[in-house]
Structure formats: C-alpha cells, structure tokens
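So the sequence shown is numbered by numbering that gives the first Met the number 0: it starts at 0 and just counts up by one.
Virtual Cβ for every residue (Gly too), placed ideally from N, Cα, C.
Read the structure below first, then the notes.
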Amino acid sequence: MEIIDKALEFEQRKHTFKTTSERIESSREVKSLILGLNNIYKEEKDPEIMDLMKRLTVIKQKIEKRLKGRP
0 MEIIDKALEF
10 EQRKHTFKTT
20 SERIESSREV
30 KSLILGLNNI
40 YKEEKDPEIM
50 DLMKRLTVIK
60 QKIEKRLKGR
70 P
C-alpha cells in the first residue's frame, strides 16, 4: 500500500510549477501513480482507489493542459 500513500501525498502537494521540466516531471510521476493504482484496483475492486485515481487524473489533465499551452 506504499503507492496509495505516495498518491495521497502527491494529491496534497502544492501544484505550482515554475518550469516546464517540473511540469513534465510531475506529469510523469502522476501517470505512474495512476497506472500503479490501476493494477491494485484490478485485484481489489475498491471504490476508494477508483476515486483516488479519478482525482489524480483531474490533476494530470490540468498539468498537461498547461504543458500544451494555447493554440
């Protein structure tokens, strides 16, 4: 359950990224957390894990939107 603790810590962390490399790093980190949680969810089918994945996905989408910029 170490990955769940990491995911909760990431969710509580302040998300102000000064540089593009920080945004890329955090996007990759949250992606790996979501995939790890998904593997656990496949085995346990715990709805709390699904809710955590959904919240992390929203954070990831915001980071990626900021990375892509305006067209």
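Should residue i go down as buried or exposed, given a rule of 16 or more other Cβ atoms within 10 Å for buried?
i          : result
residue 29 : buried
residue 26 : buried
residue 55 : buried
residue 34 : exposed
residue 66 : exposed
In the DSSP assignment, find the unbroken alpha helix (DSSP H) run with residue i in it and report its ends.
i          : result
residue 35 : 19-43
residue 56 : 46-67
residue 13 : Here residue 13 belongs to no alpha helix (DSSP H), and DSSP marks it neither H nor E.
Among residues of its own chain, excluding the 5 on either side of residue i, which ones have a beta-carbon nearer than 8 angstroms to its beta-carbon?
i          : result
residue 12 : none
Is it true that the CB of residue j sits closer than 9 angstroms to the CB of residue i?
i          : j          : result
residue 32 : residue 48 : no
residue 14 : residue 53 : no
Comparing the CB of residue i with every heavy atom of the ligand MN, is any distance shorter than 8 angstroms?
i         : result
residue 6 : As far as ligands go, the structure on display features none, and thus does not contain the ligand MN.
Measure from the C-beta of residue i to each C-beta in chain D and report whether the shortest distance is under 9 angstroms.
i          : result
residue 30 : Absent from the structure is chain D; it holds one protein chain and no more.
Relative to the C-alpha of residue i, which candidate in the options has its C-alpha closest?
i          : options       : result
residue 64 : 44, 10, 0, 16 : 16
residue 0  : 20, 39, 44    : 39
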